[in-house]
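Below is one structure, written out as structure tokens, with a few remarks after it.
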Amino acid sequence: MNDMLLIRNVLALEKNVIRQELTDVLIGEEGLVLQVGAGINAPDNCREHDMKGAFISRGWVDMHTHIYHGATDLSLLPEQIGMRTGVTCLVDCGSAGEANFKGFRRYIAEQAEERIFAFLNLGSIGLVACNRVSELVMGYRSVDFDRILKVISENRSLIRGIKIRASQVITGDLGIECVRLAKKLARISGLPLIAHVGEPPPLLDEVLPLLEKGDVITHAFNGKSGGNIMEDPLTFALAKEAQSRGVVMDVGHGSASFSFEVARFAFEKGLVPDVISSDLHCHSFAGPVFDLPTTLSKLIALGMSLEDVIECVTIAPRRVLSESVNENWLVPGHHADFTVFTVESVDFQTLDSMGSELQIRKFILPQLAVLGANWKECKSRGLELLTTGN
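For what it's worth, the working numbering labels the leading residue of the sequence shown as 1, then goes sequentially.
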């Protein structure tokens, strides 16, 4: 869509502040913000959208997705979970390894409308067959330091971290040594380590002390026996201490990795998410995750504020990705990257990954996603399916 875009009557939301004055935003044909202010005169060849008091934020980032469609047995297409759901930036979390990253770049990142980044899997083959064939199936022979570092060097614009699935079904007898290996690679390459946690071994108690500021625990609020932060006071204390030194706690909902009970427990004790991501893939797309807006609405229902929830999909993930976070983001001259959304009153129940129910009364519903000169009207599959009972 190459016309100018005029977004009328929005309230800007940024880091615990909702600006109270309605404003208009004019975006030019080249994708730059041209004007911001009340009562902008619409130029010729301009599409107008009156948002009637909706919120506008930086474009949403979903920091844990699987979008290497066709090359893995669990990945979705970017367009299924991207701009049409309010998400302008998708991060693939370990679907590709060094042996098949070239295809990810050529057929996914370079073709998508959304901004695309990746966390490179420690294992050479990535998630070709996910849990049926571990990326570490050959033990240490599944990890090639030289090739991994070469692929990172050649793809710095895309690769923003190293991914390790630190669960027994993946690591097998290697246990915690896989995490040590991944951490060494992360240090050498100057990238954060993203550690998936779940079924031990390795124990979360072993993983947490290895992580440094900027590293990420994804599935931080999972409910798996022996692998969650609620069962053992020592584990919870280690998680709190890790967060205090800058380790990022990411929701990473997924089909098996988010527990309302664990989240409530952690929130009451002061451990809340730094990042909210969906872990959308083929096995979570039809529920319980559906999309990022549904995940955000669950966190609202668990007690997080709207401002904090939006920060968890705007500022916080951009910092993990080493993307610039300018204070003055809604100003002329900047590249347009926005999500416009409303907060709708609803009344229905939804599920976590454990089958537990949660009453949803406020739903964060995307209306418009803008990235450069491209824009999309948005919707939420989750809202549609949960309110119709399908």
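Heads up, the beta-carbon is just placed ideally off N, CA and C, and yes, glycines get one too.
- Arg245 counts as exposed, since fewer than 16 other C-beta atoms from the protein chains shown sit within 10 angstroms of its C-beta.
- DSSP places Phe55 outside any alpha helix (DSSP H); the residue lies instead in the beta strand (DSSP E), whose first and last residues are 46-58.
- Counting only residues of its own chain and dropping the five nearest sequence neighbours on each side, His283 has a CB closer than 7 Å to the CB of Leu74, Ser255.
- Under DSSP, His66 shares a beta bridge with no residue.
- If you check the CB distance, Val91 and Phe117 come in under 7 Å.
- For Cys89 against Phe119, the beta-carbon gap comes to about 13 Å, at or over 8 Å, which does not count as contact.
- Ranking Phe338, Glu206, Thr85, Lys240 by CA distance to the CA of Ile315 puts Phe338 first.
- About 5 Å separates the beta carbons of Ile194 and Gly161, which is inside the 8 Å limit, making them a contact pair.
- Look at Asp291 here: in three-state DSSP terms it is coil, with no helix or strand label.
- In the structure shown, Pro200 falls within a coil segment according to DSSP collapsed to helix, strand and coil.
- Straight through space, the alpha carbons of Gly252 and Ser95 are spaced by roughly 15 Å.
- Residue ranges of uninterrupted beta strand (DSSP E) with 3 or more members, entirely inside the stretch 193-265 and ordered along the chain, are 193-197, 216-218, 248-250.
- Residue Phe55 holds the alpha-carbon nearest to the alpha-carbon of Val340 among Phe55, Arg8, Ile18, Lys163.
- Beta-bridge pairing by DSSP links Gln35 to Leu26.
- DSSP places Met304 in the coil class of the three-state scheme, outside both helix and strand.
- Contact annotation: Asp144 and Ser124 have beta-carbon atoms nearer than 7 Å.
- Residues of the same chain with a CB within less than 7 Å of the CB of Leu365, apart from the 5 flanking positions on each side, are Pro293, Phe341, Thr342, Glu344, Ser380, Leu383 in chain order.
- Of Glu154, Cys46, Pro233, Leu210, the smallest CA-CA separation from Leu181 is found for Leu210.
- In the DSSP assignment, Arg180 falls within the unbroken alpha helix (DSSP H) covering 176-189.
- Cβ atoms of Phe363 and Ser278 stay farther apart than 8 Å, at about 15 Å.
- Bounds of the alpha helix (DSSP H) holding Gln168 are 168-171.
- In the displayed model, Gln349 falls within a strand according to three-state DSSP.
- Scanning its chain for C-beta atoms nearer than 8 Å, with the 5 sequence neighbours on each side dropped, one finds around Asp3 the residues Glu29, Asn45, Cys46, Arg47, in chain order.
- In this structure, Ile67 keeps its C-beta atom at 7 Å or more from the C-beta atom of Ile7.
- Taking all protein chains shown into account, Gly355 has fewer than 16 neighbouring C-beta atoms within 10 Å of its C-beta and is therefore exposed.
- In the DSSP assignment, the residues bridged to Ile18 are Leu13.
- In this structure Pro332 is exposed. Its beta-carbon is surrounded by fewer than 16 other beta-carbon atoms within 10 angstroms.
- The DSSP-derived three-state label of Ile108 is helix.
- In the three-state DSSP reduction, Pro366 falls in the strand class (E or B).
- For Pro43, the closest alpha carbon among the candidates Val25, Leu11, Met230 is that of Val25.
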